[in-house]
Amino acid sequence: MGPRPAATATHGKVPLADGPALPLGERLVEAGHLTKSQLDVALREQRRTGDLLGKVLVNLGFVTEEAIETTLAQQAGSIRRRLEFLEVDPAVVRRVPEEIARRHTVLPLSLENGVLQVAMADTFDVVAIGAVEHATDLPVDVVSVARREIEIAIDRYFHREFSLEEITEELLSYLRRDQEAVEQGTVTPLIRLVDQLLSGAIADRATDIHIEPEERVLRVRYRNDGMLRQVAVLPAQISRGVVARIKILADLNIAECRLPQDGRISMAIAGRNVDLRVSTLPTIHGENVVVRILDQSGVVLSMDQLGLGPDHMRLFEDMIARPNGILLVTGPTGSGKTTTLYTALNSLNSMERSIATLEDPVEYRLPIVRQTHVNPIVGMTFAAGLRALLRQDPDVILVGEMRDQETAELAVRAALTGHLVFSSLHTNDAAGALPRIIDMGIAPYLVASSVNGVVAQRLVRLICNHCKEPHTVAREELARFGLEDAAGFTFYHGAGCDACHGSGYRGRAALFELLVVDDRIRELVHEQASSARIRKVAEETGMASMRQDGIQKALVGMTTLEEVLRVT
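Just so it is clear: in the sequence shown, position 515 is 515 by the working numbering, and no numbers are missing.
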């Protein structure tokens with residue numbers, strides 16, 4: 001065999017960035033992913049356990065694996081790439097045995113000029129590079145990609161999935177032989193079907209799965225970026241079995257079909273744990289099931305990832321930096337309120353503060369923070385929990401939602417006695433939150449004294465990067481936004497592709513409006529002014545509406561004016 005061509009510079013012998021290489025912890029602190037106090041805690045934990053620092057940091061919840069991998073890539077002088085923007089040749093993928101790909105978390109991408117390009121999370125892993133070179137007898141060129149993305153891709157390219165048609169045919173055959181076993185949710189093809197529906201939704205970045213029985217069919221829909229999309233239509237005969245299998249996974253009573261039930265499933269997908277919240281509801285054609293997907297690994301609780309513009313960021317940071325008072329986040333269900341509140345908590349989280357939460361349910365886990373799940377069935381309501389929390393010496397309190405007068409009164413009392421309180425409300429805009437609290441029975445002077453500010457938000461779909469193209473907006477539509485001067489300006493939209501399922505959109509970001517409660521707003525609250533009047537005064541003093549925020553995001557090519565109009 002002839003001599004191999006020389007490997008490229010990126011295959012593990014990468015020149016380091018200029019200057020001496022800092023230890024990982026100091027690199028993370030320098031990059032803003034970690035505080036000095038968090039690093040000190042992690043180093044003490046590392047000395048106790050003997051684990052690698054990166055593993056300790058992830059286990060403590062201080063940083064994500066992606067942040068560590070990005071930092072290592074920068075130290076190696078390489079650039080972290082998104083796998084969705086790289087070309088993957090399926091024929092090249094199988095040049096590396098599956099066992100090696102999984103053991104070392106590597107994914108072959110392409111073969112050019114006799115050099116194999118592979119995606120790796122750790123570009124310093126010379127053992128992995130050596131294993132790939134030995135298995136393929138090719139020199140290797142490494143591209144830095146997040147470990148989670150590689151694991152998902154390995155599952156996709158190496159795992160042989162049965163089609164829904166194959167599974168359905170097998171299930172119908174089982175029905176003819178043993179109908180009871182199918183309806184009990186215990187036969188293999190039914191288990192395979194449900195697993196495929198759940199894992200498919202997670203891989204597809206869906207937030208919810210709707211399993212809907214009808215007279216002749218069982219309809220399955222995923223919610224992607226806020227919109228439902230049909231993914232399967234199955235025979236109605238297997239609906240009881242599908243529901244039974246999901247109930248088994250969620251530890252629910254499979255014999256009870258007359259009452260709604262709620263449960264939870266924990267699944268390990270592509271090396272990460274995903275929580276699923278299951279809700280069943282009896283209907284005339286059987287039990288309807290909705291599964292909410294809570295994938296914490298896909299959430300980055302970082303201030304710079306919230307989508308706040310510079311002016312909004314300054315106001316938001318000022319609101320959460322105050323030692324006491326209430327910050328309210330408003331919007332409909334599914335508008336990202338919890339993510340915003342947790343991002344604020346995460347930015348304040350330190351060894352010097354006592355932070356506690358009351359939630360229904362607990363969606364994200366934060367280190368050091370004491371998190372409590374509300375359970376009204378046993379009397380653990382938001383009000384009861386908040387009353388107990390005030391005796392626990394907290395500095396910052398998150399109350400998942402202000403639902404009643406008692407909870408609101410306790411939150412106000414906490415804010416007026418030196419605590420910083422975060423909570424959420426269901427109102428259409430920021431100005432409407434203040435009259436809403438008064439409507440709950442809280443005295444106007446208490447509302448004016450305790451509330452620091454209100455953040456209102458909606459989620460808007462982002463243009464798909466795979467099919468993004470220039471787009472001319474009609475003059476009539478521009479006029480609806482007061483953008484007549486923008487005629488001829490180049491906007492963008494998504495043409496539709498496989499990556500976005502033809503919608504032209506992929507991913508979501510928040511539109512914000514921030515209302516700062518200053519002296520003028522406090523006077524209006526004392527007067528019990530309407531939300532319209534509060535909004536007018538706030539806009540006179542510089543508050544930008546959610547629609548204005550959306551227009552700015554459309555002007556820079558993040559979304560479309562049509563999408564902004566839909567959500568605002």
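For each residue, glycine too, the CB sits at the ideal point set by N, CA and C.
In this structure, the CA atom of VAL118 is about 29 Å from the CA atom of LEU198. For ALA430, the secondary structure class from DSSP, reduced to helix, strand or coil, is coil. If you look at GLY453, you'll find it in the beta strand (DSSP E) that goes 451–463. At the C-beta level, ASN452 and MET319 come within 7 Å of one another. By the C-beta density criterion, VAL142 is buried, having at least 16 other C-beta atoms within 10 angstroms. ARG461 and PRO332 have their C-alpha atoms some 16 Å from each other. Burial check for MET546: the Cβ neighbour count within 10 Å reaches 16 or more, so the residue is buried. Taking a contact as a CB-CB distance under 8 Å, the pair HIS285 and GLU214 counts as one, their CB atoms being some 6 Å apart.
Under DSSP, THR330 forms a beta bridge with LEU425, ALA456.
When C-beta atoms of the segment 348–356 are compared with those of the segment 462–481, fewer than three pairs fall below 8 Å, so the two segments do not count as touching. For the 7 Å CB-CB criterion, VAL399 and SER450 do not form a contact. Excluding five sequence positions before and after GLY432, the CB atoms of its chain that fall closer than 6 Å to its own CB belong to SER531, given in chain order. Exclusion of the five residues before and after GLU513 leaves ALA430, ALA456, SER545, MET546 as the residues of its chain whose Cβ lies within less than 6 Å of its Cβ.
Collapsing the DSSP output to three states places LEU259 in coil. Residue GLN237 holds the alpha-carbon nearest to the alpha-carbon of GLU183 among LEU281, ASN224, GLN237. By the neighbour-count criterion, in which a residue is buried when 16 or more other Cβ atoms sit within 10 angstroms of its Cβ, ARG221 is buried. Distances from the alpha-carbon of THR283 to those of CYS257, GLU363, VAL194, PRO361 put CYS257 closest. The Cβ-Cβ distance between THR407 and ALA383 falls below 7 Å. HIS493 carries a strand assignment under DSSP once its states are collapsed to helix, strand and coil. For LEU53, the uninterrupted alpha helix (DSSP H) segment begins and ends at 53–60. DSSP places HIS210 within a strand segment (E or B) once states are collapsed to three. Counting along the chain, GLU484 sits inside no beta strand (DSSP E), nor does DSSP assign it H or E at all.
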